[in-house]
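J.: Going line by line, the protein sequences match chains A, B and C.
Just so you know, we're using this note's numbering here: the first sequence kicks off at 1 and counts up by one.
Just so you know, we're using this note's numbering here: the second sequence kicks off at 1 and counts up by one.
Just so you know, we're using this note's numbering here: the third sequence kicks off at 1 and counts up by one.
Cβ coordinates follow ideal geometry from the N, Cα and C atoms, glycine included.
Since the model is a prediction, treat every value here as computed from it, not as a measurement.
A single structure is presented below for examination.
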Amino acid sequence: MMPDLGKYAVTVLGSYGATLALLVALVGVSLWQGARVKRALQAQEERMGRRDG
Amino acid sequence: MIALLFRDLRLAVRAGGGFGLGLAFFLIVVTLVPFGVGPEGGMLGRIAPGILWLGALLACLLSLDRIFALDFEDGSLDLLATAPIPLEGVVTMKAVAHWITTGLPLVVAAPVFGVLLHLDGAAVWWLVLSLALGTPALSVLGTFGAALTVGLKRGGLLLSLLVLPLYVPTLIFGAELVRRGAGDMATATPLLMLGGITAATVALVPFASAAAIRVNLR
Amino acid sequence: MSIWEYANPKKFMETSAWLLPWVAALAALTLVTGLVWGFFLTPDDYKQGSTVKIIYLHVPAAMMAINIWVMMLVTSLVWLIRRHHVSALAAKAAAPVGMVMTLIALITGALWGQPMWGTWWEWDPRLTSFLILFLFYLGYIALWGAIDNPDTAADLTGVLCLVGSVFAVLSRYAVNFWNQGLHQGATLSLDKEENISDVYWLPLLVCIAGFILLFVALVLVRTRTEIRARRLKALEARERMA
Chain A
1 MMPDLGKYAV
11 TVLGSYGATL
21 ALLVALVGVS
31 LWQGARVKRA
41 LQAQEERMGR
51 RDG
Chain B
1 MIALLFRDLR
11 LAVRAGGGFG
21 LGLAFFLIVV
31 TLVPFGVGPE
41 GGMLGRIAPG
51 ILWLGALLAC
61 LLSLDRIFAL
71 DFEDGSLDLL
81 ATAPIPLEGV
91 VTMKAVAHWI
101 TTGLPLVVAA
111 PVFGVLLHLD
121 GAAVWWLVLS
131 LALGTPALSV
141 LGTFGAALTV
151 GLKRGGLLLS
161 LLVLPLYVPT
171 LIFGAELVRR
181 GAGDMATATP
191 LLMLGGITAA
201 TVALVPFASA
211 AAIRVNLR
Chain C
1 MSIWEYANPK
11 KFMETSAWLL
21 PWVAALAALT
31 LVTGLVWGFF
41 LTPDDYKQGS
51 TVKIIYLHVP
61 AAMMAINIWV
71 MMLVTSLVWL
81 IRRHHVSALA
91 AKAAAPVGMV
101 MTLIALITGA
111 LWGQPMWGTW
121 WEWDPRLTSF
131 LILFLFYLGY
141 IALWGAIDNP
151 DTAADLTGVL
161 CLVGSVFAVL
171 SRYAVNFWNQ
181 GLHQGATLSL
191 DKEENISDVY
201 WLPLLVCIAG
211 FILLFVALVL
221 VRTRTEIRAR
231 RLKALEARER
241 MA
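What follows is the structure, encoded as C-alpha cells:
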C-alpha cells in the first residue's frame, strides 16, 4: 500500500505532514470561529427579542 | 507649502532630536557592527554597503511615528486637512521635512562612516550617490506607513511591519549599486532602477498617504 | 440580476449557505483524489526520486499564495470604488488563507530544497520573494487587527493592499536582479519543451483544482463569520444605546 519513498521518505512525509497539519489547523480555526460567532449572534438576537433587524 | 516645510523643520530642531538623533543612531550602528562581526578590515569593507544601507533604513524608521502623531494629537492635522493647500501637498512636505532631518544628514555624513568601515575610495562616492537617490523614497514610503497608523495608540511596531517590506526594492538596488561600484562592475542598471523607484514613489505614494489620512480623520 | 446583487450581505448569506456544502464537498473530493493519486500512484522521477511527490503540495500552494493576493487586490478595489461591505470582508477573510498557503509553499520548498540543492534555505529569487509576500500578508492582517472601526480598517487595508501589490511585484523583479536562482522555471507553461510529463501533470491539475475549491470554501466560511461578527457588533452597540 505504502509507496517506497526510498531515501527521501522523511522529506516527502514531512512535507505532506506539515501541509496537512497547516490546512487542518486553518480549516479547524475557520470553522471554530464561525461556530463561535454564530452562537454569539444567535444568543444576542434572542436576547434582543427579534429575529431580524 | 514652503511655510509648512519650515514649520516642520523648526519643530524638529526645537524638539532637540532633529538632525542629530538619526545621525547618532547611525554612528552607533556603525560602531556596534565591528563588535558583532570582528574587526578585520577586508570583511568590514565587503559588508559595509549593506550595513550602511540597513543603518539608514533603521534610522529612517525610528523617526517615522513622529511625522503625523504630534499634529494628530493637538488637532493641527485637521486644520491642515481643511487648509487651502491639497492634502497631498501637506504629505509631500512632511516627507521632505523628514528627509531633510534624517536622510540628508546621513547622505552628508556617509563618507565618514564609509571610512570607519574600510570602504575604499571609489565606493564611498557610490555610497553617497545611492543614499542620495534612495533615501527620499524611504521618507515618502515612511510617510505612507505613518499615515496608515496615525490613529493608533501603539502603532510603532505595526508601522515597522508595514513599512519595511516596502523598503525591499530600494534596499536591494541601493546596496547593489554600491557593491557594483566598489567592484568596478556595470552600475547603470541599479542606478537607473534606484532613481526610477524613487521618482515613481515620490510622484505617486503621496496620493495614497493623503487618502489614508483622510480616512483616519473621518 | 447582476453580480452586484451578491454585495448585499443578506443575499450573500442566503446564496453562500446554499453553495457552501457543495463547494466544501467538491473541495474535499478533489483534494483527496489529487493527493492520493499524486502520493500513491505516481512513479518516482529519475532525477528527483520520490521528492517529486512534493510538487502536489508545493505548486498549488504557491499558485494560491499569489492568486489570493490578487483576489484581495480585486476585492479591495471593489470596496474602495463601490463600497460593498461584503467585498472588504471577503478580502479580510482571504488574507489568513493566503498567509497559510505562502507558509506551506515556503515549508515544502525548504524541505524539498534540502535534498535537491543541499540546503534548507537558499536566498534564491523565488524563495525570497515568497518570504517578502509572507511579510506583506503579516502586515495586512496586523493592520486589520489593529483598527477598531471596521470601515476605517477596510479603507486603510485596501489602500495598503494597493500599494503593497505594486511593491510586491517590484520586489519580485528587484530580487530577480539581485541573485540568480537555483529554482527551476515554470513547470506548467504549455508551450515549453521540457514540461513535466502527463503522469505527473494530471494529478497536479486535480490538486490545483482541489486547492482552489478549498480556498473558495474557506473564504465563504470566513466571510460568513465576518458578516455575522459585524452584525453581532452592531446589535451589541444598539443594545448599549438603548
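Please state the DSSP three-state secondary structure of B:A146.
T.: Three-state DSSP puts B:A146 in a helix.
J.: Give the interface partners of B:V215 over in chain C, defined as CB-CB distance under 7 Å, in chain order.
T.: What B:V215 touches in chain C: T152, D155, L156.
J.: Counting C-beta neighbours from all protein chains within 10 Å, is the total for B:F35 16 or more, i.e. buried, or is it exposed?
T.: Answer is exposed; the Cβ neighbour count stays below 16.
J.: Tell me whether C:V86 is buried or exposed, calling it buried when 16 or more other Cβ atoms sit within 10 Å of its Cβ.
T.: Looking at its Cβ environment, which holds 16 or more other Cβ atoms inside 10 Å, C:V86 is buried.
J.: Taking 6 Å as the limit between beta carbons, can you name the residues of its chain near C:G164, skipping five residues before and five after?
T.: Only F136 meet the Cβ criterion.
J.: Which stretch, first to last residue, makes up the alpha helix (DSSP H) that contains A:R36?
T.: Segment 9–47, the alpha helix (DSSP H) holding A:R36.
J.: Suppose contacts are defined by Cβ-Cβ distances below 9 Å. Is B:V178 in contact with B:A212 by that definition?
T.: It is not a contact, given that the beta carbons lie outside the stated cut-off.
J.: So B:A59 and B:F25 are supposed to be a Cβ contact under 8 Å. How far apart are they, rounded?
T.: At roughly 5 Å, the Cβ-Cβ gap stays under 8 Å, so B:A59 and B:F25 are in contact.
J.: How big is the Cα-Cα spacing for B:V91 and A:K7?
T.: Approximately 59 Å, taken between the alpha carbons.
J.: Which residue's Cα is closest to the Cα of C:P21: C:W144, C:I66, C:V221?
T.: Selected option, being the one with the closest Cα: C:V221.
J.: If you draw a straight line from the C-alpha of C:A27 to the C-alpha of C:V166, how long is it?
T.: Between C:A27 and C:V166, the C-alpha separation is close to 31 Å.
J.: What are the residues in the stretch 93–116 of chain C lying within 8 Å of chain A by C-beta distance?
T.: The stretch 93–116 of chain C vs chain A, Cβ under 8 Å: P96, V97, V100, L103, I104, I107, T108, L111, W112, Q114, P115.
J.: Can a CB atom of chain C be found closer than 9 Å to the CB of A:G34?
T.: Yes, its Cβ sits closer than 9 Å to a Cβ of chain C.
J.: Within 9 Å of any Cβ in chain A, is that where the Cβ of C:I141 sits?
T.: For C:I141, the answer is no, since every Cβ of chain A falls outside 9 Å of its Cβ.
J.: Are the C-beta atoms of C:S87 and some chain B residue less than 9 Å apart?
T.: Chain B, which has no Cβ nearer than 9 Å to the Cβ of C:S87, makes this no.
J.: Compute the Euclidean distance between the alpha carbons of B:L116 and C:I66, then round it to the nearest angstrom.
T.: So the two alpha carbons sit approximately 43 Å from each other.
J.: According to the Cβ coordinates, are C:I77 and C:L162 closer than 9 Å?
T.: This sequence places Leu at residue 77 of chain C; Ile is not what is there. Yes.
J.: In three-state terms, what does DSSP make of C:D151?
T.: It is helical.
J.: Roughly how many angstroms separate the alpha carbons of A:T11 and C:S50, rounded to a whole number?
T.: Cα to Cα, A:T11 sits roughly 9 Å from C:S50.
J.: What residues in its chain sit with their C-beta under 7 Å from that of C:V206, if we drop five residues either side in the sequence?
T.: Excluding residues within five positions, the ones whose Cβ falls inside 7 Å are T30, T33, G34, W37.
J.: Please work out which residues of its chain come closer than 7 Å, Cβ to Cβ, to B:L141, disregarding the five sequence neighbours upstream and downstream, and give them in chain order.
T.: Closer than 7 Å at Cβ, skipping near neighbours: V163, L166, Y167, T201, V205.
J.: Beta-carbon of C:V163 versus every beta-carbon of chain B: anything under 9 Å?
T.: True, the Cβ-Cβ gap to chain B drops below 9 Å.
J.: Just to confirm before moving on: does the CB-CB distance between C:A168 and C:W69 stay below 9 Å?
T.: It is a contact, given that the beta carbons lie within the stated cut-off.
J.: Within a Cβ cutoff of 8 Å, which residues of the same chain sit near C:L19, ignoring the five residues on either side of it in sequence?
T.: Once the five neighbours on either side are set aside, the close Cβ partners of C:L19 are L220.
J.: So, does the CB of C:S16 fall closer than 9 Å to a CB anywhere in chain A?
T.: Chain A contact via Cβ: absent.
J.: Just the chain C side, please: which residues come within less than 7 Å of B:F173 by C-beta, in chain order?
T.: Here the neighbours are A174.
J.: Looking at the structure shown, is C:A242 part of a helix, part of a strand, or coil, going by DSSP?
T.: In this structure, C:A242 counts as coil in the three-state DSSP scheme.
J.: Show which residues of chain A have a CB atom less than 8 Å away from the CB atom of C:R222.
T.: S30, Q33, G34, listed in chain order.
J.: Hey, C:M71 and C:A94 are a contact pair by Cβ (cut 8 Å); roughly how many whole angstroms apart?
T.: Contact flag correct, Cβ pair sits at about 6 Å.
J.: For B:M193, tell me which candidate among C:A24, C:L170, C:M63, C:P115 has the shortest Cα-Cα distance.
T.: Of the listed residues, the one whose Cα sits closest to B:M193 is C:L170.
J.: Provide the residue span of the alpha helix (DSSP H) that contains B:T101, from first to last.
T.: No alpha helix (DSSP H) holds B:T101; DSSP gives it neither H nor E.
J.: Looking at the C-beta of B:P190, does it have a partner C-beta in chain C at a distance below 9 Å?
T.: Yes, its Cβ sits closer than 9 Å to a Cβ of chain C.
J.: Helix, strand or coil for C:K192? Go by DSSP, reduced to three states.
T.: Annotation note: pLDDT 45 at C:K192 (below 50); position unreliable, no value reported.
J.: Cβ of B:P146 within 9 Å of Cβ of B:S209?
T.: The identity of residue 146 of chain B in the sequence shown is Ala, whereas the question assumes Pro. Contact flag set, yes.
J.: Once DSSP output is grouped into helix, strand and coil, what is the label at C:H85?
T.: The answer is helix: DSSP assigns C:H85 an H, G or I state.
J.: Beta-carbon of A:K7 versus every beta-carbon of chain C: anything under 9 Å?
T.: Closer than 9 Å to some Cβ of chain C, the Cβ of A:K7 qualifies, so yes.
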